[in-house]
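**Q**
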Amino acid sequence: MACVVSIIPGDGIGPAVVSSARKVLEALSEVYGFKLSFVEALAGDAAKRDFGEPMPKDSLDKIRSSDACLKGPVGETAKDVIVFLRQKLDLYANIRPFKTLPRVSTKWRDVDFVVVRENTEDLYKCVEDVGEEYAVALMVLTKKACTRIAKVAFQIAENRRRKVTVVHKGNVLRSFELFRAAALNVAKSYPSVSVEEMLVDNAAYQLVVNPQRFDVILTTNMFGDILSDEAAGIVGSLGLAYSANIGDGFGLFEPVHGTAPDIDPSYANPLAQVMASKMMLEWLGSTKGNASMLEAANGLENAVLSLLEEGEALTPDLGGRATTEEVTRRLVDMLLKGRGTSRRPVVY
Ligand code: NAI
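Going by full-length UniProt numbering, the sequence shown opens with residue 1, and the numbers climb by one from there.
Encoded structure:
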């Protein structure tokens, strides 16, 4: 039976990169023999313009009744779409892998870490009071949310280099003690994983001077948001940074980047959106027990690595001159010709 994927094309470069990811998924389903059906769920600035609301009920219904959602970036209405969906669907784990990649120009080599960001609370709970003379935003942390995100981080670390860095700002705000204590308590159940604590300002610095020291970074919502963009710069481009928003029964997959209003959409790097769809296949493959989706995810990652190694179809953010469409064609071509062969297991 086909898995239903709801698709949010988004705004700005969104429709271009989402269309690319969809073509790649169609090629993969042909090569690896699994079935996906797509349903469009319009949301974002365009939806607000056309239907009067950024997250129409019809779109929410489509997303809810799908097996997973592949989301493009949305613009000024991001809060009403992605922050809303993370809370409404309780997608509490935001998982963001960062790796240095072949031929992508950066200052570092052998960087490989994952940011695990709590996705439903903190200042992004958006409990605010803004007046003429003051503005207040409430930072909300609960033991339940801190504990469940810590479990995700330690589980991921168990399958990697077994180190978790708990990032907070407990020297200034007592509230972070709840997060810190929950993480250290969860750590007791994972004796093979080493744990360290780091204040967020130092984490921002260490990311720039010594990113190889990190394996899994566990942090709260807003810190995770900011550190992720810094991490994307460290591995070469926001156009390569992808993420999963996962809850107990649903997953939404998107690039880390926004709508990139400063570039021509036909030159947007589609690889972050494409790799978000790789994470979606991994999640669908493991939750639905579909081995061909897992193989396809591995094949896709290897095809992306081959594309980067080859260096012929790269967008301007990676120093190339190719359009989004040209990158997509090259990737699809590689997949259809079997260049995405198995190289190593997928572990994020
Ligand atoms: P941005 O991520 O859109 O852009 C930051 C920089 O990265 C820009 O120079 C841009 O050209 C570049 N960039 C991003 N993606 C790229 C790609 N695929 N290929 C090549 N270059 C790329 O961040 P910004 O400018 O702060 O936000 C723009 C809009 O996006 C805002 O309206 C914001 O609300 C929205 N946004 C939405 C998000 C979401 O839907 N999850 C996440 C972040 C921002």
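Glycine is no exception: its CB is placed at the ideal position from the N, C-alpha and C atoms.
Every value quoted in this text rests on a predicted model; they were computed, and no experiment measured them.
So, for Ser175: in the same chain, excluding its five sequence neighbours on each side, which residues have a beta-carbon less than 8 Å away from its beta-carbon?
**A** Met139, Leu141, listed in sequence order.
**Q** Buried or exposed: where does residue 349 fall if 16 or more other Cβ atoms within 10 Å of its Cβ makes it buried?
**A** There is no way to answer for residue 349, as the model of the chain reaches only from 1 to 348.
**Q** Does the beta carbon of His257 fall short of 7 Å from some heavy atom of ligand 1?
**A** Flag set: Cβ of His257 near ligand 1.
**Q** Return the chain-ordered list of same chain residues with a C-beta closer than 8 Å to the C-beta of Arg329, the five sequence neighbours on each side being excluded.
**A** Cβ neighbours of Arg329 beyond the five flanking positions: Ala313.
**Q** Any idea what DSSP makes of Thr147, helix, strand or coil?
**A** Of the three classes helix, strand and coil, the one that applies to Thr147 here is helix, per DSSP.
**Q** Assuming Ser105 contacts Gly236 (C-beta within less than 8 Å), just tell me the rounded distance between them.
**A** About 6 Å separates the two Cβ atoms, so the contact holds.
**Q** Provide the residue span of the alpha helix (DSSP H) that contains residue 370, from first to last.
**A** With the chain represented from 1 up to 348, any question about residue 370 goes unanswered, as that position is not in the structure.
**Q** The beta strand (DSSP E) with Gly224 in it runs from where to where?
**A** No beta strand (DSSP E) contains Gly224, which is instead part of the alpha helix (DSSP H) from 221 to 235.
**Q** Measuring only the C-alpha atoms, how far is Val31 from Ala135?
**A** Each residue's alpha carbon lies about 54 Å from the other.
**Q** Any chance the CB of Ala260 is under 7 Å from a heavy atom of ligand 1?
**A** Yes, Cβ of Ala260 sits closer than 7 Å to a heavy atom of ligand 1.
**Q** For the putative contact between Ile226 and Pro211, defined by C-beta atoms under 8 Å, what is the C-beta separation to the nearest angstrom?
**A** Incorrect: roughly 15 Å between the Cβ atoms, too far for contact.
**Q** Thinking C-beta only, is Leu42 closer than 8 Å to Pro56?
**A** Yes, they are a contact pair.
**Q** Closest to Ser101 by CA distance: which of Met293, Gly239, Trp283 is it?
**A** The residue asked about is misnamed: residue 101 is Leu in this sequence, not Ser. That would be Gly239, whose Cα lies nearest to the Cα of Leu101.
**Q** Is Asn185 helix, strand or coil by DSSP?
**A** Asn185: helix per DSSP, three-state reduction.
**Q** Assuming Val193 contacts Ala157 (C-beta within less than 8 Å), just tell me the rounded distance between them.
**A** The pair is a contact, with the Cβ atoms about 5 Å apart (cut-off 8 Å).
**Q** What would DSSP say about Glu197, mapped onto helix, strand or coil?
**A** Reduced to three states, the DSSP call for Glu197 is strand.
**Q** Can the beta-carbon of Ala303 be found less than 8 Å from the beta-carbon of Leu281?
**A** Their beta carbons are not under 8 Å apart, which means Ala303 does not touch Leu281 by this criterion.
**Q** Is the number of C-beta pairs between the segment 4 to 18 and the segment 255 to 265 that are closer than 8 Å three or more?
**A** With the cut-off at 8 Å, the segment 4 to 18 and the segment 255 to 265 touch.
**Q** Give the secondary structure of Lys99 by DSSP, where H, G and I count as helix, E and B as strand, and everything else as coil.
**A** DSSP places Lys99 in strand when its eight states are reduced to three.
**Q** By how many angstroms is the C-alpha of Ser6 removed from the C-alpha of Pro54?
**A** Going from the Cα of Pro54 to the Cα of Ser6 covers about 16 Å.
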